[in-house]
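Before any comments, here is the structure.
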Amino acid sequence: MQIGFIGLGAMGRAMARNLALAGHEVRAWNRSGGAVEGVSMVATPAEAFDADAVLTMLSDDEAIRSVVLAPNLLGAARPGLVHVVSSTISVAFAEELVRHHAEAGVGYVSAPVLGRPDVAAKGELNILAGGDPDAIARAQPLLEIIGGRIWMIGPEATAANAAKIACNMMITMAIEAMAEAVVLTEGNGVSRDRFFELILGTLFGSRSYQVYSANIAQENYQPGFKATLGLKDLRLAKEAAGALGRTLPMLDAVHGRMRETVDAGWGDLDWSAMARFTMDQG
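Shown next, in the form of structure tokens:
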């Protein structure tokens, strides 16, 4: 299959490489250039859209708007193409994308992913798939290459985007919960390592607690997912809650803390640096 790929950040590079290793002809475009083993780089996004399927892994709504919508790539897309958007985008923008793709007669799938670059490299991402069942069926062989499990969220594409935003919101809540717990326990003579051994072996053994407790214990905040992107995703969650007329107190708290983390100059660190900000406060 001929596959176009747009967006070769840490996640996108791993996903494109796995598609190429699986024997597909992958043609990729990236705003800052670069190269990926087995992948042909093209000069324009339009060339990537001359394919049977296109996967987009750009950073946010505006990047997709400028790269895909502004030059009307959908209007010039190959007939029968299905476009899979794996970026974390707002629910409102996903609704807009559904409309634009329908008007252009292009298949559309929202397929945001759960996992960090190391998980992407192993082809073990959790993929949250939403959209027209026929479009998902056409995209499924590709999703099975980049993902360890595909979660069928439903026929409404936006449902997958809401689920991804909610998951990222909950990860930040877990990071903040561990940071505040460390403040209490270390202040009373319990070592960080011992406390994390306790919670991972009893009540909180999920991957988010495993990964980010290790970051906190080792004070290692090298980016797997930058705090600036975490702040963006929390903003998307607040927007989604606002569209429902709801106020979510825990969301407000972690959004404020992530904002403080970025304002402190730690935006390029991993988003778990939010824990460092909390623990360092006197």
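Here the sequence shown is numbered in our numbering, starting from 1 and rising by one per residue.
C-beta: ideal position from N, C-alpha, C; glycine also.
On the CB-based measure, 16 or more other CB atoms within 10 Å of its CB, does residue i come out buried or exposed?
i	result
Glu176	buried
Leu125	buried
Met178	buried
Ala174	buried
Lys122	exposed
Met250	exposed
Asn318	Look at the range of the chain in this structure, 1 to 282, and you will see that residue 318 is not part of it.
Arg246	exposed
Asn220	exposed
Leu142	buried
Gly131	buried
Leu8	buried
Arg138	buried
Taking just the CA atoms, how far does residue j sit from residue i?
i	j	result
Ser86	Gly189	44 Å
Trp266	Gln222	10 Å
Thr88	Thr56	10 Å
Ile6	Ala14	12 Å
Ala166	Leu234	9 Å
Ala160	Val109	9 Å
Thr158	Val98	8 Å
Ala77	Asn168	32 Å
Ala94	Ala214	34 Å
Lys238	Glu197	33 Å
Phe195	Thr185	7 Å
Pro133	Ile146	19 Å
His24	Ile150	20 Å
Pro117	Ser66	25 Å
Ala264	Leu236	21 Å
Gly187	Leu244	40 Å
Leu181	Val54	Reading off the sequence shown, one finds Ala at residue 181, where the question assumed Leu. Their backbone Cα atoms lie some 44 Å apart in a straight line.
Asp268	Asp193	26 Å
Gly80	Ala104	11 Å
Gln140	Ala43	27 Å
Gly38	Leu58	20 Å
Val262	Gln210	23 Å
Ala63	Ser191	44 Å
Keeping to the same chain, check which residues put their C-beta closer than 7 Å to that of residue i; ignore five residues upstream and five downstream.
i	result
Glu260	Phe277
Leu69	His100
With residue i and residue j assumed to form a contact (beta carbons below 8 Å), what rounded beta-carbon distance in angstroms separates them?
i	j	result
Asp52	Ile3	7 Å
Ala120	Met11	5 Å
Met274	Arg257	6 Å
Val113	Thr172	In fact, because the Cβ distance is near 17 Å, the residues do not count as touching under 8 Å.
Leu128	Ala163	5 Å
Leu48	Val36	The amino acid occupying residue 48 in the given sequence is Ala; Leu does not appear at that position. Going by Cβ atoms, the distance from Ala48 to Val36 rounds to 13 Å, so no, they are not a contact pair.
Quick check on DSSP: helix, strand or coil for residue i?
i	result
His101	helix
Gln210	helix
Lys226	strand
Ile89	coil
Gly245	coil
Ala77	coil
Gly265	helix
Ala53	strand
Gly148	strand
His24	coil
Gly256	helix
Asn72	coil
Met1	coil
Ala120	helix
Gly129	Here residue 129 is Ala; the residue named in the question, Gly, does not match the sequence. It is a strand residue.
Gly154	strand
Indicate whether at least one CB of chain C lies closer than 7 Å to the CB of residue i.
i	result
His100	Included in the structure is just one protein chain, with no chain C present.
Kindly list the residues whose CB is nearer than 6 Å to the CB of residue i, restricted to its own chain and excluding five residues on each side of it in sequence; keep chain order.
i	result
Trp271	Phe225, Ala227, Gly230
Asp61	Ile89, Ser90, Phe93
Skipping 5 residues on each side, what residues in its chain have a beta carbon closer than 8 Å to that of residue i?
i	result
Pro71	Pro45, Ala46
His101	Leu74, His83, Gly107, Tyr108
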